[in-house]
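In the numbering used here, the protein residues as written are 1199 to 1649.
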């Protein structure tokens, strides 16, 4: 939109928080540039990116003319271009260009796109509170997105208002009287479950790259066909009034589908990554991994008989005991008494350590009943553990971003780390044998998808 159409509160907010000396410098802030050069020299050879606040003019120059290679040379070229732009264009023209080019997250480039995305109206109608929210996004669009983290967005907008008062753009009384919590967000489309994935994945950009360097193109791991199938599975199988969650991982940790609830619009709480629940017999994975690592084999004979440990007497789901059987059959038919014996033999602390080794991040109790999955865990952690077994015992870390480009240049490419071996390959192979038996003939026959 044209400069004259941009609300003054929007201009003031962005100048205050991004470049408070914009109206007086010649395109480069000498103090900021000196700080960036010093940091770059100090970090040379360390792999750390160049840090230093660029002026609005420098950000425009970088976005339009430069690649995203992080070095002192680029910072100097950025400064030279900024000085040239200041000679050729007026401050108003530079600010107009900036406000129409800067990235605000969620695919929104420019304040008009951001205003329509977050507030459902053109930027010409922005209020002071809305302008503060938008101005606060530039620093880290995914982190401060009002649709992803309303509290973080409000906190950041409050900082913007305080800086506006500090720089004389508004009075302190006006800043105190303006409440970013009062802004009304545009409604999200009904049942947009992909948002569970993007809310989880996009904040990772802050760790992977410098978001404010340029408009970005982000490639993710999500498979839309699998995502639609996951949506349908949750809708079809979750009882009325109940919720559900689903995570699908490749063996290397790539998240192919993620559903955090039945309806994102009704609840943005991601039950796939945030909620903790008792996993029940799925936790026996760690019991049997511990037993196999300790020397047991799938064909070992074990005894399904009544057992009492510290006053706890587990019963099988069938309410009967089957006597002697192989370890493979005990796992396939989820025999509770055998799991209890194996846990007691290996040590419940050892089972808890195995769970933590495979990526369980929540507390694991060491009471005997823990072998039946009484500790609360996150779904994504349990999925990660099973994927690590499938990955021949090599640790799997869930990830959602494969590549990021800026102005056509690749600035991030995911590389799979295969250095962390959790269990020996033969242990993972034996555990896979047990899991396959459970699917083929045991209690997991319902998982014979496509077989």
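Built from N, CA and C at the ideal position, the CB exists for glycine as well.
Whose C-beta lies closer than 7 angstroms to the C-beta of residue 1544 among residues of the same chain, with five residues either side of it excluded?
-> By 1-based counting over the chain shown, the position of residue 1544 is 346. Cβ neighbours of residue 1544 beyond the five flanking positions: 1488, 1489, 1492.
Residue 1619 to residue 1549 span [Cα, whole Å] | In the chain shown, the residue the question calls residue 1619 occupies position 421. In the chain shown, the residue the question calls residue 1549 occupies position 351. Between residue 1619 and residue 1549, the C-alpha separation is close to 17 angstroms.
What residue does the alpha helix (DSSP H) around residue 1349 start on, and which one ends it?
-> Here the question's residue 1349 lines up with position 151 in the chain shown. For residue 1349, the uninterrupted alpha helix (DSSP H) segment begins and ends at 1348-1364.
Grouping DSSP H, G and I as helix and E and B as strand, with all else coil, what is residue 1521?
-> Counting from 1 along the chain shown, the entry for residue 1521 is found at position 323. It is a strand residue.
How is residue 1438 classed by DSSP in three states: helix, strand or coil?
-> Taking the chain shown and counting its residues from 1, the one referred to as residue 1438 is at position 240. In this structure, residue 1438 counts as coil in the three-state DSSP scheme.
Among the residues of its own chain, which have a CB less than 6 angstroms from the CB of residue 1205, if the five just before and after it don't count?
-> Numbered from its first residue, the chain shown carries residue 1205 at position 7. Around residue 1205: 1324.
From this set, 1424, 1584, 1416, which residue's C-alpha is nearest residue 1604's C-alpha?
-> For the purposes of this step, residue 1604 is identified with residue 406 of the chain shown, where counting begins at 1. That would be 1416, whose Cα lies nearest to the Cα of residue 1604.
Residue 1292 burial status per 10 Å Cβ neighbour count (16 or more: buried) = Position 94 of the chain shown holds residue 1292. Counting the other CB atoms within 10 Å of its CB gives residue 1292 a total of 16 or more, which places it among the buried residues.
At least one CB of chain D closer than 7 angstroms to the CB of residue 1447: is that the case?
-> Here there is only one protein chain, and chain D is not present.
Leaving aside the five residues before and after residue 1362 along the sequence, list all residues of the same chain whose C-beta is less than 7 angstroms from its C-beta, in chain order.
-> Position 164 of the chain shown, counted from the first residue, corresponds to residue 1362. Once the five neighbours on either side are set aside, the close Cβ partners of residue 1362 are 1210, 1211, 1214, 1368, 1373.
Thinking C-beta only, is residue 1340 closer than 7 angstroms to residue 1308?
-> Mapped onto the chain shown, residue 1308 falls at position 110. Mapped onto the chain shown, residue 1340 falls at position 142. No. Outside cutoff.
Assigned secondary structure, residue 1216 (DSSP; H/G/I helix, E/B strand, else coil) = Within the chain shown, the letter at position 18 stands for residue 1216. DSSP places residue 1216 in helix when its eight states are reduced to three.
Out of curiosity, what's the CA-to-CA distance linking residue 1440 and residue 1275?
-> Stepping through the chain shown from its first residue, residue 1440 is reached at position 242. Stepping through the chain shown from its first residue, residue 1275 is reached at position 77. Cα-Cα distance, rounded: 57 angstroms.
Sub-7 angstroms separation of residue 1280 and residue 1255 beta-carbons = Taking the chain shown and counting its residues from 1, the one referred to as residue 1280 is at position 82. Taking the chain shown and counting its residues from 1, the one referred to as residue 1255 is at position 57. Taking 7 angstroms as the Cβ cut-off, residue 1280 and residue 1255 qualify as a contacting pair.
Would you call the segment 1590-1607 and the segment 1393-1405 touching, i.e. three or more CB-CB distances under 8 angstroms?
-> yes
Taking 7 angstroms as the cut-off, decide whether the C-beta atoms of residue 1560 and residue 1551 are in contact.
-> In the chain shown, residue 1560 corresponds to position 362, counting from 1. In the chain shown, residue 1551 corresponds to position 353, counting from 1. Not closer than 7 angstroms, so no.
Alpha carbon of residue 1355 to alpha carbon of residue 1346, nearest angstrom = Taking the first residue of the chain shown as 1, we reach residue 1355 at position 157. Taking the first residue of the chain shown as 1, we reach residue 1346 at position 148. C-alpha of residue 1355 to C-alpha of residue 1346: approximately 15 angstroms in a straight line.
Count the other CB atoms, across all protein chains shown, that sit within 10 Å of the CB of residue 1288; report buried if there are 16 or more and exposed otherwise.
-> For the purposes of this step, residue 1288 is taken as residue 90 along the chain shown, with counting starting at 1. The residue in question, residue 1288, is exposed, as its Cβ has fewer than 16 Cβ neighbours within 10 Å.
Can you tell me which of the three DSSP states residue 1415 falls into?
-> The count along the chain shown starts at 1 and reaches residue 1415 at position 217. Look at residue 1415 here: in three-state DSSP terms it is strand.
Which same chain residues, not among the five before or five after residue 1533, have their C-beta less than 7 angstroms away from its C-beta?
-> One-based indexing of the chain shown puts residue 1533 at position 335. Result list for residue 1533: 1502, 1514, in chain order.
Do you know how far the Cα of residue 1626 is from the Cα of residue 1523?
-> Within the chain shown, numbered from 1, the residue matching residue 1523 stands at position 325. Within the chain shown, numbered from 1, the residue matching residue 1626 stands at position 428. Cα to Cα, the separation comes out at about 22 angstroms.
Which of helix, strand or coil does DSSP assign to residue 1287?
-> By one-based count along the chain shown, residue 1287 stands at place 89. Here DSSP, grouped into helix, strand and coil, assigns residue 1287 to coil.
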